[in-house]
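Structure record follows, encoded as structure tokens.
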Amino acid sequence: IGSSGLRLSEDIRVPPDYELGANYSGEENEKLSNLIELMSRGDQSSQVEASYTRLQTVTEQDVGYLSRKLVKGNPLTTQIAIVEALAKVGDKRITKSLLFELKNGQPAIVPVIVKALGKIGDDWVVDKLFELVSQRKEVPSVEIAAALANAFAQIGTKKSLYSLDALAALCG
27 IGSSGLRLSE
37 DIRVPPDYEL
47 GANYSGEENE
57 KLSNLIELMS
67 RGDQSSQVEA
77 SYTRLQTVTE
87 QDVGYLSRKL
97 VKGNPLTTQI
107 AIVEALAKVG
117 DKRITKSLLF
127 ELKNGQPAIV
137 PVIVKALGKI
147 GDDWVVDKLF
157 ELVSQRKEVP
167 SVEIAAALAN
177 AFAQIGTKKS
187 LYSLDALAAL
197 CG
């Protein structure tokens, strides 16, 4: 039970065809807003439960809403939950929002975004991902290097595999 007294796993369910503001009662819009609010501002237990619930109920119809929430900025735990929920859908429409957050977001979220971009598998992001290491003088952290290696391998195109080889050479 979250700090608001709601049992998130039972009381808040996002309908599979949910689209913010479209043909839904005020009560359903309020439930989604409450869920996002708990992800951002609830106690730690509420945040974890709200994030888990969000991940379990995310659909393609949520992509636009979650992408807008992502680029507006949130606490780190909320940003991570949103990125993971978007990655679960795997919709290529989110790559621009993820790249925006990769460039402008908190450094701690970089490996999560890289992992999400790899899961989506869109080849055009390979160059953007490789820029994370090629334009810096220092070797990337182990966590970022591992996320990049996995992303390049998941994308699996010729360009991404060349980038994987180049990453290995940069990291030694």
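Each residue of the sequence shown is one higher than the one before, starting from 27 at the first, in our numbering. In this text, a Cβ means the ideal position worked out from N, Cα and C, and glycines have one as well.
Straight-line CA distance for VAL136 to SER189?
-> 18 Å
ALA192 to ASP153, Cα distance in whole Å?
-> 12 Å
Please name the residue, chosen from CYS197, ASP149, VAL97, that lies closest to ILE170 on a Cα-to-Cα basis.
-> CYS197
Let me know the secondary structure DSSP gives GLU127 once reduced to three states.
-> helix
Residue burial classification, LYS95 (beta-carbon count within 10 angstroms, cutoff 16) | buried
Close Cβ partners of PHE126 (< 6 Å) along its chain, the five nearest in sequence each way excluded = VAL97
How would you label ASN100, buried or exposed, when you count the other beta carbons within 10 angstroms and need 16 or more for buried?
-> buried
Just how far apart, CA to CA, sit ALA142 and ALA195?
-> 24 Å
Distance CB(LEU124)-CB(ILE108) smaller than 8 Å | no
Assign SER160 to one of two classes, buried (16 or more other C-beta atoms within 10 Å of its C-beta) or exposed (fewer than that).
-> exposed
With a CB to CB cut of under 6 Å and the five nearest residues on each side skipped, what residues in its chain are close to VAL138?
-> ILE106, VAL109
Supposed contact pair ALA134 and LEU102 - C-beta distance, whole angstroms, cut 8 Å = 6 Å
Go ahead and label GLY47 buried or exposed: buried means 16 or more other beta carbons lie within 10 angstroms of its beta carbon, across all protein chains shown.
-> Model confidence at GLY47 stands at a pLDDT of 38, short of 50, so the residue's coordinates are unreliable and nothing is read from them.
Give the range of the alpha helix (DSSP H) segment to which GLU12 is assigned.
-> With the chain covering only 27 through 198, there is no way to say anything about residue 12.
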